[in-house]
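For reference, the structure is listed below as C-alpha cells.
Numbering (this note's numbering), first residue to last: 119 to 303.
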C-alpha cells in the first residue's frame with residue numbers, strides 16, 4: 119500500500135478528497151493545510167515513499183516550494199484550475215484539472231502507485247555493497263585457496279560461492295570458515 123498525504127489550503131477540501139480516496143481503498147495518512155505540516159509528516163515517516171495530492175497553493179507556500187522539499191521517493195499530484203495548471207512547468211508533477219472526475223483521479227493515482235511499488239521493489243532487490251573489511255576477508259580467503267589448493271582466483275571465488283550456497287551461509291561467513299580451515303593447514 120502506498121502512503122498518501124492530502125494538502126489543500128482549505129481543510130474542508132482536503133477532508134473531502136481524503137474521504138473520496140479512503141472510500142476507494144487508498145491509504146491517506148494525513149490531511150494538511152500547510153506545506154510545513156506535510157514536510158513534518160514525511161520526516162516522521164523516515165525512509166517512506168508515497169504521493170502528495172495537493173492544491174496549487176497552501177497557507178504557507180505553493181506546490182513548487184513543497185516539491186523542492188519532497189524526498190525523491192515521493193510523487194506529487196497537483197489538482198487545480200486549468201489556468202493554474204498551465205503555470206506548472208516541472209516535469210515531475212502530475213497535473214489533474216479541477217473540477218476533478220473521480221475516475222481520472224483514481225487512474226492517475228493507480229499508475230503512480232504501480233510506479234512507486236516497482237521502485238520500492240527495485241530498492242529492496244539492489245545488492246548491498248560490501249564493506250572494505252568484508253572485501254579484504256574475501257580476498258584473503260581466495261588467496262589462501264589459491265596457495266593451498268593451487269586454484270586460480272576465479273576457481274577460488276566459485277569455490278567460496280558453491281560452499282556458501284551448499285551451507286546456506288553468505289559469502290563473508292563462508293570466507294571466514296575458509297580462512298579458519300586453511301590458515302591452520
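Note that the Cβ used here is the ideal one computed from N, Cα and C, for glycine as well.
Please read all numbers here as calculations on a predicted model, not as lab measurements.
Point to revise | Where residue 121 sits in the DSSP three-state scheme | key: strand
Review point. Ends of the beta strand (DSSP E) at residue 171?
Key: 168-172
Point to revise | 9 angstroms Cβ cutoff met for residue 235 and residue 147 | key: no
**Study point:** Delimiting residues of the beta strand (DSSP E) encompassing residue 244
**Key:** First-last for residue 244: undefined, no H or E at that position.
Check your understanding: Per DSSP, residue 148 forms a beta bridge with which residues?
Key -> 123
Point to revise | Complete runs of the alpha helix (DSSP H) confined to the region 169-240 [at least 4 residues] | key: 181-187 and 200-203
**Study point:** Anticipated Cβ contact below 8 angstroms, residue 190 with residue 154, distance rounded
**Key:** Not quite, the Cβ-Cβ distance comes to about 20 angstroms (not below 8 angstroms), so this is no contact.
Exercise for review: Give the range of the alpha helix (DSSP H) segment to which residue 291 is assigned.
Suggested key: 289-301
Review point. Using the rule of at least 16 other Cβ atoms within 10 Å of the residue's Cβ for burial, across every protein chain shown, is residue 225 buried or exposed?
Key: exposed
Check your understanding: Quick check: the region 257-270 against the region 286-297, are there 3 or more CB pairs under 8 angstroms?
Key -> yes
Review point. When you compare only the Cα positions, how much space is there between residue 197 and residue 214?
Key: 5 angstroms
**Study point:** Given 8 angstroms, three or more beta-carbon pairs between the region 180-188 and the region 205-214
**Key:** yes
Check your understanding: residue 249 to residue 290, Cα distance in whole Å?
Key -> 10 angstroms
Check your understanding: Taking the alpha helix (DSSP H) that residue 273 falls in, what are its first and last residues?
Key -> 271-285
Point to revise | Unbroken alpha helix (DSSP H) run spanning residue 137, endpoints | key: 129-141
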